[in-house]
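Worksheet: the structure to be examined is printed underneath.
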DNA sequence: AAAATTTATGCAATCGATTGCATAAATTTA
DNA sequence: TAAATTTATGCAATCGATTGCATAAATTTT
């Protein structure tokens, strides 16, 4: 039974076994230069005495932490919690630890989170940017110290920072093209802050599809908001006031799409007959709303796994981050009833 | 511009300013026994030189980590990601850091997570138990070391561990009572592993309500599964085979309820007329499914905040954990169309 | 049997911040 | 002006694990 009074250290084990602390240290990490029997004895004693390695002492000496930091806008979105789950899985399987913080969509908090991560001497950082982040200076101290910073999903184009994302341009292009092919002529696009690649790229894709179908881009049809359910409901009311009514809506997330559909249905609009709707993300709710929502499937869990693997492989020197600077994951358009007009 | 070669320490600052490291250390944490001007100079120099405190050294010396550990079954459920978001908020506002890991619903992983948390010398631990955890021995090392462990939601009754949860018995009782009042006589109950308080208590509440309405408990009507959408669909098929058909379903999570409703509707069952349905959690999908789902609202974000606050207050000696051993949060029945028969 | 090599262990410095105790300097009180 | 007090700073030990270098012991080679 371990003594509850005081934490056991390698010195305690050393003393008990009449060996040096150095030998204990080596034995516990299976260093080849320790006699098999000694090793066995030490491991047994450590077990019996309830020894737990002090990672602070170890990290201090070794100058690395085995900690991966994660900064995301919010933890409680369907997509992000999938990403985090994927990251956690990989990180944990590789004997790293995970420190997580959320920027709550503000650059200010993101900066303070980054400082904390630096103090905690993370070995690497995974970041998805806040809604209003305009610069990434706050990650420079990491680069200076040679700590890899990897952006995912909400990225920032920059030589120094590898990135993982999907082809938002293409995905949005395909969504819009699909809507056009269903006969839509006036498609409202609900999107977020154009600072963020994901939203800017999707707008580009939307425009490109219109262009190919010889439809003039109409700025009036683009609504920019914070992508919450609440704002989407407001947007839907705006849409109801439009004259003529649009015949399609492409929102950049499913939360907005669902919220819109609910308002429009309540107003007596037939979906997809009068207005076809498509979202983005394939949230669970996409298969619950009636009609089921056409959307872009985009596996968060997988993105988390890939991002974490890439970082850890790099840390283990198994992979050069600069070499695989950008990684583009697959996404797919899923057509459901909310946009299908035959 | 900070030198990129080497990490700046208090010794570097001390040398540059011709003071001792002790003074630098004190100045940086605003110790009263340092001259104002000296302080100012030191803080300025630290800033200029790009000094970042090494938390390992500091933690090693101070013997605490400012880290809160969290172990949950899964990160990617609507409820749990809300809880985590709440925890992160409070933890971050109090200058603690958050280490998170998921047990993936197995006791084995939970044990290994607990070991890692111990090595990381967390100051306190927040835990929601895995599906199949039968013993909590693996948390004893924390108690021995006087590290508080607090259970939330999926708790384990034990003197040493304070806990935060909702009154599952009462909530389930009210749900069932409500269904009975809508005229239901044969209510199927879909629930999870009875090892877990949340599910056992809800079954108790279900039984209690039946009893009060002089309806005999029928074991055939209780379905135990893993509460996934998939298993719920299977359960719904089973229900469709029942003869006579039940006239009510009470599932212990909304994911199951939604999945059931979808299957039942497809089979032509009218909800709530033929079968009234109620869930638990008030997931976002509850307001998306048609008919909208009657459920128990149960604020995850708040539970996370409360749990983290309780732990941190205790760590700051502002509160004795033993004193507030159990904290029961409020939950409320939300009646929607899926069960309303007038 | 001596020399060379291999194996096993220990010594002691190091990582960087903290803090009890001592002391010097400045200020107040008698 | 001397004594007492307050303020400011430094010394040096400490937290626990790691690791380069040295050395002793065992084994192999000549």
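Residue numbers (the numbering used here), protein chains in the order written: chain A, 1 to 342; chain B, 1001 to 1342.
Ideal Cβ positions, reconstructed from N, Cα and C, are used throughout, including at glycine.
For clarity, every value in this text was computed on a predicted model and none was experimentally measured.
Query	Result
Inter-residue spacing [alpha-carbon to alpha-carbon] between residue 1004 (chain B) and residue 1251 (chain B)	Confidence at residue 1004 (chain B) is low in this model, with a pLDDT of 43, below 50, so the placement of that residue should be treated as unreliable; the coordinate-derived value is given next. Rounded to the nearest angstrom, the two C-alpha atoms are 58 Å apart.
Inter-stretch contact at 8 Å, needing at least 3 Cβ pairs: the segment 1140 to 1158 of chain B / the segment 1216 to 1229 of chain B	no
Helix, strand or coil at residue 292 (chain A) [DSSP, three-state]	coil
Rounded C-alpha distance that separates residue 1286 (chain B) from residue 1105 (chain B)	24 Å
Neighbourhood of residue 1325 (chain B) by C-beta distance below 7 Å, restricted to the same chain and skipping five residues each side	1162
Chain B residues whose Cβ lies nearer than 7 Å to that of residue 82 (chain A)	1076
Boundaries (first-last residue) of the alpha helix (DSSP H) holding residue 48 (chain A)	36 to 49
Given 8 Å, three or more beta-carbon pairs between the segment 36 to 49 of chain A and the segment 1041 to 1058 of chain B	no
Among A:195, A:215, A:186, A:63, the one whose alpha carbon lies nearest that of residue 276 (chain A)	A:186
The segment 6 to 18 of chain A contacting the segment 1023 to 1040 of chain B, beta-carbon criterion three pairs below 8 Å	no
Beta-carbon spacing of residue 312 (chain A), residue 90 (chain A) below 8 Å	yes
CB contact below 8 Å: residue 1284 (chain B) versus chain A	yes
Residue 105 (chain A), DSSP secondary structure in three states	coil
The segment 167 to 176 of chain A contacting the segment 199 to 210 of chain A, beta-carbon criterion three pairs below 8 Å	yes
Segment contact flag, the segment 1059 to 1076 of chain B with the segment 1283 to 1303 of chain B, C-beta cutoff 8 Å, min 3 pairs	no
Own chain residues within Cβ distance below 7 Å of residue 113 (chain A), not counting five before or after	71, 101, 103
Distance CB(residue 257 (chain A))-CB(residue 278 (chain A)) smaller than 8 Å	yes
The segment 224 to 237 of chain A touching the segment 260 to 270 of chain A, judged by at least three CB pairs closer than 8 Å	yes
Minimum length 4: unbroken alpha helix (DSSP H) runs contained in the segment 1151 to 1220 of chain B	1168 to 1181, 1197 to 1212
Cβ of residue 277 (chain A) within 8 Å of any chain B Cβ	no
Secondary structure of residue 269 (chain A), DSSP reduced to three states	coil
Helix, strand or coil at residue 53 (chain A) according to DSSP, with G and I counted as helix	coil
Through-space distance from residue 117 (chain A) to residue 1095 (chain B), alpha-carbon basis	12 Å
Simplified DSSP assignment, three categories, for residue 297 (chain A)	strand
Three-state class that DSSP yields for residue 280 (chain A) in the structure shown	coil
Rounded separation between residue 165 (chain A) and residue 1078 (chain B) - CA only	23 Å
Close-in-space but distant-in-sequence residues of the same chain around residue 168 (chain A) (CB under 6 Å, 5 per side omitted)	198, 201, 202
Option in A:81, A:160, A:180, A:64 with minimal Cα separation from residue 141 (chain A)	A:160
CB contact flag (residue 331 (chain A), residue 301 (chain A), <8 Å)	no
Top-ranked residue by Cα proximity to residue 228 (chain A), from A:204, A:213, A:260	A:260
Between the CA atoms of residue 190 (chain A) and residue 249 (chain A) - distance to the nearest angstrom	7 Å
Cβ pair residue 1138 (chain B), residue 1110 (chain B) closer than 8 Å	yes
Cβ of residue 1013 (chain B) within 8 Å of any chain A Cβ	no
Listed by chain order, chain B residues near residue 34 (chain A) by CB distance under 9 Å	Ordered by position in chain B, no residue passes the 9 Å Cβ test against residue 34 (chain A), which lies about 21 Å from the chain.
N-terminal and C-terminal residue of the beta strand (DSSP E) that residue 1327 (chain B) is part of	1326 to 1329
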